[in-house]
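K.L.:
Residue numbers (the numbering used here): -14 to 100. Structure below; questions to follow.
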């Protein structure tokens, strides 16, 4: 389970990704403290946001920290910036607000993903 704080704006997303991924199905997010280690290429299948649940398949394809250093996993207890590739973009994604950092959000705006 991961708590997602909000989406990265497109300028920040382009700055962080190591290569140009011109794919509208790749979306970057600020991720809150992780409760467990989660490895790159982990698959997820459920999004919970504003009391709505949506089943959708997506994969963790890139992880970085606040220094924009690429990581192989989200370590327990750390905040990260993560990019996910969605096989189809669920409607809930369009409701997630853009944020500028880990502190630019309200709990009511955050969403949770499950594997």
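The beta carbon of each residue, even a glycine, is placed where N, CA and C say it ideally should be.
Answer yes if the segment 28 to 35 comes into contact with the segment 58 to 66, meaning at least three C-beta pairs across the two stretches below 8 Å, and no otherwise.
P.N.:
Too few Cβ pairs lie closer than 8 Å, so no.
K.L.:
Contact defined as beta carbons within less than 8 Å: I believe residue 45 pairs with residue 67. What is the distance between those atoms, to the nearest angstrom?
P.N.:
Yes, residue 45 and residue 67 are in contact; Cβ-Cβ is about 6 Å, under 8 Å.
K.L.:
If you compare alpha carbons, which of 97, 50, 85, 64 is closest to residue 77?
P.N.:
Closest by alpha carbon: 97.
K.L.:
Comparing alpha-carbon positions, which option in 49, 64, 100 lies nearest residue -10?
P.N.:
Per the Cα distances, 64.
K.L.:
Residues in its own chain within less than 8 Å of residue 18 by CB, not counting five upstream and five downstream?
P.N.:
-12, 62, 63, 64, listed in sequence order.
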